[in-house]
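Heads up: the protein sequence lines correspond to chains A and U, in order. Per my numbering: the first sequence = residues 436 to 618. Per my numbering: the second sequence = residues 436 to 618. In this text, a Cβ means the ideal position worked out from N, Cα and C, and glycines have one as well. All values reported here derive from a predicted model rather than from experimental measurement. What follows is a set of notes on a single structure, which appears directly below.
There are 2 protein chains.
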Amino acid sequence: MLGMLREPHSGYDIKKTFEKSLRSFWRAELSQIYPLLQKMEDEGLLTSKAGASEKGPTRRVYKRSAKGREQLQSWLLEGPVVGTERIGYLAQTYFLANLKDDDKAIEFMQDLRTYLSDWLASLEDAEDEWRANDPGYPDKLSDESFYPQLTLDMGLAKVRVGVEWCDRSIARIRDRQAKRNNA
Amino acid sequence: MLGMLREPHSGYDIKKTFEKSLRSFWRAELSQIYPLLQKMEDEGLLTSKAGASEKGPTRRVYKRSAKGREQLQSWLLEGPVVGTERIGYLAQTYFLANLKDDDKAIEFMQDLRTYLSDWLASLEDAEDEWRANDPGYPDKLSDESFYPQLTLDMGLAKVRVGVEWCDRSIARIRDRQAKRNNA
DNA sequence: CTGCACTATATAAATATTGACATAGATGGC
DNA sequence: GCCATCTATGTCAATATTTATATAGTGCAG
Numbered sequence: 436m437l438g439m440l441r442e443p444h445s446g447y448d449i450k451k452t453f454e455k456s457l458r459s460f461w462r463a464e465l466s467q468i469y470p471l472l473q474k475m476e477d478e479g480l481l482t483s484k485a486g487a488s489e490k491g492p493t494r495r496v497y498k499r500s501a502k503g504r505e506q507l508q509s510w511l512l513e514g515p516v517v518g519t520e521r522i523g524y525l526a527q528t529y530f531l532a533n534l535k536d537d538d539k540a541i542e543f544m545q546d547l548r549t550y551l552s553d554w555l556a557s558l559e560d561a562e563d564e565w566r567a568n569d570p571g572y573p574d575k576l577s578d579e580s581f582y583p584q585l586t587l588d589m590g591l592a593k594v595r596v597g598v599e600w601c602d603r604s605i606a607r608i609r610d611r612q613a614k615r616n617n618a
Numbered sequence: 436m437l438g439m440l441r442e443p444h445s446g447y448d449i450k451k452t453f454e455k456s457l458r459s460f461w462r463a464e465l466s467q468i469y470p471l472l473q474k475m476e477d478e479g480l481l482t483s484k485a486g487a488s489e490k491g492p493t494r495r496v497y498k499r500s501a502k503g504r505e506q507l508q509s510w511l512l513e514g515p516v517v518g519t520e521r522i523g524y525l526a527q528t529y530f531l532a533n534l535k536d537d538d539k540a541i542e543f544m545q546d547l548r549t550y551l552s553d554w555l556a557s558l559e560d561a562e563d564e565w566r567a568n569d570p571g572y573p574d575k576l577s578d579e580s581f582y583p584q585l586t587l588d589m590g591l592a593k594v595r596v597g598v599e600w601c602d603r604s605i606a607r608i609r610d611r612q613a614k615r616n617n618a
């Protein structure tokens, strides 16, 4: 949120940025965002201003303070935040033998493949749109666009690997199944 | 935890399994494990038995009940748990321009590369060890080993992609830096 | 003119998770 | 004898997060 609030934005705006651009690696609900904005303002990391909205109730926009900017920078200087990932579908995969039915396991992998390939398609769409609108894509992007593009690059690579892994896994489960039936 | 407790294990054992085998995609602290074991026993998902330990204080081992097994199966049948990933270093990457110093950003990426390549080495070691001890690796594994091996396969693929992405990103940041200095 | 979708903010209750702390036996090295 | 390390269990306080709920204005389609 400190990263997003270089320019003033409302909680609602922040939610939209999470959905649009950070979707692949971070999510947050409005019920988490609003109290946190207040807390961060209390701590002096943000300042806020109320203003009329074109549509709907009064907007309150927040912007980071000098202290907020410093806190963001020290977070970045602390080094990469690693080792906190929690990937539900891999935990499930680990225990898939408990289904006692290879067909159910294949179905699981096919569902996952569908999810990942939809995700890949949406990342590819985002890339196409970006390429169409920004003549500098991807090698002459502005400073503000360059690092976000790195995360898109990683998203594309990772999701492609995920789809390939699903295909490989389905083939391997089928192969075991066939061997079992021959034996 | 329901997946692990097909055979009786203590909270301490469960923690070790998280560290050894699920490290790449799930982590849990003892302070989360112990209360949860008690809660799950209260809910009738687990049964427990106290017994002497070879070293240290009394061990309490838990095993899943029929109800626990059913709950595990319905979790697996609900389909893949997706969309909950939260990857700290990508959130940082997105906002790296705030450092206002390409050298610091390169340092960030190099630190990340070091972390990921250490992780890759440990996964490769795990695979080598497995291959050395199990003549069926990877195509004739037992049911209990096959699905865990799928998660190792994914871990290897994903971390390799991560290392490549770091290398590519470092090169791209350097390239921008060089162009800026020429201009 | 009604209902739906979108903008917009917010709280309450429940749940999940971490980090710090407390306890204690066994074993081996210095 | 002492200290570190590993086994082993647990609590507490603080924090983080989700799900459900409430409110309300605007604009558009039917």
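Helix, strand or coil at residue i according to DSSP, with G and I counted as helix
i: K498 (chain U); result: strand
i: A540 (chain A); result: helix
i: G491 (chain U); result: coil
i: L481 (chain A); result: strand
i: G597 (chain U); result: helix
i: G438 (chain A); result: coil
i: S509 (chain A); result: helix
i: S445 (chain A); result: strand
i: G486 (chain A); result: strand
i: P515 (chain U); result: coil
Test: residue i CB closer than 8 Å to a CB of chain U
i: E520 (chain A); result: yes
i: P515 (chain A); result: yes
i: G571 (chain A); result: no
i: A532 (chain A); result: yes
i: V596 (chain A); result: yes
i: R609 (chain A); result: no
i: Q506 (chain A); result: no
i: M589 (chain A); result: yes
i: Q527 (chain A); result: yes
i: D538 (chain A); result: no
Neighbour-count burial assignment, residue i, 16 or more Cβ in a 10 Å radius
i: P492 (chain U); result: exposed
i: T519 (chain A); result: exposed
i: S577 (chain U); result: exposed
i: P515 (chain U); result: buried
i: G571 (chain A); result: exposed
Residue i vs residue j beta-carbon contact at 8 Å
i: Y550 (chain A); j: V517 (chain U); result: yes
i: L481 (chain A); j: Y469 (chain A); result: no
i: L457 (chain U); j: A526 (chain A); result: yes
i: G479 (chain A); j: K502 (chain A); result: yes
i: W600 (chain A); j: A561 (chain U); result: no
i: A532 (chain U); j: E579 (chain A); result: yes
i: F460 (chain U); j: L511 (chain A); result: no
i: L465 (chain A); j: K450 (chain A); result: yes
i: L534 (chain U); j: Q508 (chain A); result: yes
i: R609 (chain U); j: I541 (chain U); result: yes
i: G438 (chain A); j: Y529 (chain U); result: yes
Chain A contact for residue i (CB, 8 Å cutoff)
i: D448 (chain U); result: no
i: S604 (chain U); result: yes
i: F581 (chain U); result: yes
i: K593 (chain U); result: yes
i: G523 (chain U); result: yes
i: D560 (chain U); result: no
i: K490 (chain U); result: no
i: Y469 (chain U); result: no
i: L585 (chain U); result: yes
i: F453 (chain U); result: no
6 Å Cβ shell around residue i - same chain, five flanking residues per side excluded
i: V594 (chain A); result: L551, W554, L555
i: P573 (chain A); result: Q584
Proximal residues to residue i (C-beta, below 7 Å), its chain only, five neighbours per side dropped
i: Y524 (chain A); result: L547
i: Q612 (chain A); result: D537
Cβ shell of residue i (< 8 Å), same chain only, five flanking positions each side left out
i: S483 (chain U); result: L472, E476, R495, V496, Y497, K498
i: P583 (chain A); result: S456
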